[in-house]
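Reviewing the structure listed below.
Numbering (the numbering used here), first residue to last: -6 to 112.
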């Protein structure tokens, strides 16, 4: 476990990530739509990510306003951004990546292949 001190408080969180690379692998089938046109139907997805630059964490009212504990934790988090990004990256990215996948899936299913690609 990376963090042994439980983080508590009631405030705002800002996480700034620069140069985040996300790779989606999406197996697909080419199927016929209702009009008999070929469309791409995505079957699933997996993703990987690489955080190539500093991530900056800002949490307000951390430890219910205890400035000494708050400053120490924020310093630790910002100095160890790479390890924290690796440990908590998937939980932070799962939902946005799922939404992106669903949007791509909807788009590809609605567009005949002949209109979006040279076949």
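Where is the CB? At the ideal position from N, CA and C, for every residue including glycine. Predicted, not measured: the structure shown is a model, and the values here were computed from it.
Can you tell me whether residue 48 is buried or exposed, with buried defined as 16 or more other CB within 10 angstroms of its CB? So residue 48 counts as buried.
Between which two residues does the beta strand (DSSP E) containing residue 9 stretch? Per DSSP, residue 9 belongs to the beta strand (DSSP E) from 6 to 10.
Residue 33 by DSSP, collapsed to three states: which one? Under the three-state reduction of DSSP, residue 33 is assigned to strand.
Return helix, strand or coil for residue 53, following the three-state DSSP convention. Three-state result, residue 53: coil.
Please name the residue or residues paired with residue 24 in a DSSP beta bridge. Bridge partners of residue 24: 32.
Sorted by chain position, which residues of the same chain lie with C-beta nearer than 8 Å to residue 59's C-beta, five sequence neighbours on each side aside? Closer than 8 Å at Cβ, skipping near neighbours: no residue.
Take residue 2 and list the residues in its own chain whose beta-carbon comes closer than 6 Å to its own, dropping the five residues that flank it on each side. Once the five neighbours on either side are set aside, the close Cβ partners of residue 2 are 54, 55, 56 and 57.
So is residue 23 buried or exposed if we call it buried at 16+ other beta carbons inside 10 Å? With fewer than 16 other beta carbons inside 10 angstroms of its own, residue 23 counts as exposed.
Using C-beta distances below 6 Å, list every residue in its chain close to residue 7, excluding the 5 sequence neighbours before and after it, in chain order. Excluding its 5 nearest sequence neighbours in each direction, residue 7 has C-beta neighbours in its own chain below 6 Å: 51, listed in chain order.
In this structure, does DSSP put residue 38 in helix, strand or coil? The three-state reading of DSSP puts residue 38 in coil, since its state is none of H, G, I, E or B.
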